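J.:
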Amino acid sequence: MSLVEARASRARKPVEYEVTVDHVRMDTHDTATLFLDFGGVPLDYKAGQFLNIDPHQFPALGRLSAYLQEQKGRKEPQRSYSLASAPHEPLVAITVKDEEFIPGLTRYPPLLSPYLVHGRLTGARMKVMAFMGPYVLPEDVEERTEHVVHLVAGSGAVPNFAILKDALHRGLKLRHTFLFSNKTWGDVLYGEELAALERQHPDRVRVVHTLTRETDESRFGAAVRKGRVHQSLLEELIQDRDTCLVYACGPAITPWDRRKALETRTPSTPRFMETVLGHLHALGIEDKRIKRETYG
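For the sequence shown, our numbering assigns the number 18 to the initial residue and increments by one for each residue that follows.
As C-alpha cells, this is what we get:
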C-alpha cells in the first residue's frame, strides 16, 4: 500500500454503530465468531479492516474494569477486532480469541475477550466503532503482483481470511498461498472454509498448515507440515520473491515484553512476526512487498 492509500484509509473517521449479535459460532474451545447485524444501514469497509469495542458499555465487566484501571493507573481502552467477513457478505463478523492469563508471564488478566467468547451474547445489543485499518489490498493490486502470500498464525488468520474471500468474490486475477501456523489441528480457524475455497479455486488458492505441537501431523494430509514456519518452507512456497506481496499477521513481541527485557537486561524472545520477517528478509523479499499486522 502506498503512503497516499494508507493516509486515505486512516483519514476515514470511524462511525459508531449500535449492532445486534445475530448469532455466535464457537470455532475452537477458546475462539468464537460473532456475526453482527448492523440493521441494514449502508456500510463502507474493506476486507482486512477492524472495528473497536469499548468494554465500559458492559455492566458485567464493571468491577474488573475498575480493578484493572486502578492497577494500571489509566482508563481501559477500546479493544480492536479484525473483521472475518468480506464486504459482500450479509453480516459483519469478528473472530475473537479468549486471551490467556498465565501467572508470572502475563501481567494482567484479559477484560473483554472472555466475555465476547463465552458470554452467550446472541441477541445482545452493543456499540462498535467502525471501520478502520490500512491492512487491505491496494486498489491496483493486480498491477503490482499476481501472487499474494498470506503468512499467518493463530487468530492472525482473521483479516487474511476476509481478504482472501473478498479477492475471490471480486474475481481479482491473483494466486493466493495461505500459510497458516497453529499449535494443534484443533486450534485451526476456518479449516473447512479454507479447504472449500481451495477446492473451488484450485488454480487460485493453495492452503498449507504448519502445526507445532502435533505428534503425527501426517494423519492430516500432505498440506499439513510439522513445526514452525521456517525459511526453507517459505523458499519452497514463494518462487516469485521479487513480485509477490506478503500479508503477514500474527503475534509479536509486546510492549510489556520489551519493558521486562529492559528491566532484566535480557533480550526479548522473538515471536511469530519477528521470526517470519527475518526469514522473508533472508530470502531477499523487500519490506515494500510486505504488509504486516501484529497482536500480542
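All residues carry an ideal CB built from backbone N, CA and C; glycine is no exception.
Predicted, not measured: the structure shown is a model, and the values here were computed from it.
(1) Assess, as a yes-or-no matter, whether the region 272 to 290 is touched by the region 223 to 238 under the definition of 3 or more beta carbon pairs within less than 8 angstroms.
(2) Specify, as a first and last residue, the run of the alpha helix (DSSP H) that H167 falls within.
(3) Closer than 6 angstroms by C-beta to R96: which residues in its own chain qualify, once you throw out the five before and the five after it? Chain order, please.
(4) Is I70 helix, strand or coil by DSSP?
(5) For P127, which option in E156, L78, V169 has the closest C-alpha, if you only look at C-alpha atoms?
(6) Mind checking M290: buried by the 16 CB within 10 Å criterion, or exposed?
(7) Per DSSP, which residues does T311 bridge with? Please list them.
(8) With a 10 Å radius around its C-beta and 16 neighbouring C-beta atoms as the bar for buried, classify T50 as buried or exposed.
(9) How would you label V263, buried or exposed, when you count the other beta carbons within 10 angstroms and need 16 or more for buried?
(10) On the three-state DSSP scale, how would you describe R91?
(11) Please determine if the region 34 to 53 and the region 136 to 144 are in contact, where contact requires at least 3 C-beta pairs separated by less than 8 angstroms.
(12) DSSP three-state call for K243: helix, strand or coil?
(13) Please report the straight-line C-alpha distance between L279 and R124, rounded to a whole angstrom.
(14) According to DSSP, is I255 part of a helix, a strand, or is it coil?
(15) Tell whether a beta-carbon distance below 8 angstroms holds between R242 and H218.
(16) Please work out which residues of its chain come closer than 6 angstroms, Cβ to Cβ, to L214, disregarding the five sequence neighbours upstream and downstream, and give them in chain order.
(17) Work out the CA separation of D183 and K277 for me, nearest whole Å.
(18) Taking C-beta to C-beta, are V175 and A265 nearer than 8 angstroms?
(19) Going by Cα to Cα distance, which pick from V293, L60, V224, E303 is closest to T260?
(20) Would you mind giving the Cβ-Cβ distance between R185 and A110, rounded to the nearest angstrom? I have them listed as a contact below 8 angstroms.
(21) For F197, which of A299, L168, T139, R42 has the nearest alpha-carbon?
(22) With DSSP as the reference, label G301 as helix, strand or coil.
(23) Thinking C-beta only, is V153 closer than 8 angstroms to G267?
(24) Pull the bridge partners of A110 from the DSSP assignment, please.
(25) Pull up the CB-CB distance for S172 and T292, whole angstroms please, since I reckon it's below 8 angstroms.
(26) Take the Cβ of T112 as the centre, count every other Cβ of all protein chains shown within 10 Å, and call the residue buried at 16 or more, exposed below.
(27) To the nearest angstrom, how far is the alpha carbon of K92 from that of R309?
T.: From the atom records:
(1) At 8 angstroms Cβ cutoff, the stretches do not touch.
(2) H167 -> not in any alpha helix (DSSP H); beta strand (DSSP E) instead, spanning 164 to 170.
(3) Only I70, L129 meet the Cβ criterion.
(4) Three-state result, I70: strand.
(5) Looking at E156, L78, V169, the one whose alpha-carbon comes closest to that of P127 is L78.
(6) Burial of M290 is indicated by the presence of at least 16 other C-beta atoms within 10 angstroms of its C-beta.
(7) DSSP lists G267 as partners of T311.
(8) By the neighbour-count definition (other C-beta atoms within 10 Å, threshold 16), T50 is a buried residue.
(9) By the Cβ neighbour-count rule, V263 is buried, with 16 or more other Cβ atoms within 10 Å of its own.
(10) Coil.
(11) Yes, since at least three Cβ pairs between the region 34 to 53 and the region 136 to 144 fall closer than 8 angstroms, the two stretches touch.
(12) DSSP, read as helix, strand or coil, puts K243 in strand.
(13) Computed Cα separation, rounded: 16 angstroms.
(14) Here I255 sits in coil by DSSP.
(15) In this structure, R242 sits away from H218, with a CB-CB distance that is not shorter than 8 angstroms.
(16) Cβ neighbours of L214 beyond the five flanking positions: V222.
(17) K277 and D183 have their C-alpha atoms roughly 40 angstroms apart.
(18) No, the pair does not count as a contact, with Cβ atoms beyond the cut-off.
(19) For the residues V293, L60, V224, E303, the minimum Cα distance to T260 belongs to E303.
(20) A quick correction: the sequence has Leu, not Arg, at residue 185. At roughly 17 angstroms, the Cβ-Cβ gap does not stay under 8 angstroms, so L185 and A110 are not in contact.
(21) Distance from the Cα of F197 is smallest, within the candidate group A299, L168, T139, R42, for L168.
(22) When DSSP states are grouped into helix, strand and coil, G301 belongs to the coil group.
(23) Cβ atoms of G267 and V153: not closer than 8 angstroms.
(24) Looking at the DSSP output, A110 bridges to F52.
(25) With a Cβ gap of about 17 angstroms, S172 and T292 do not count as contacting.
(26) So T112 counts as buried.
(27) About 28 angstroms.
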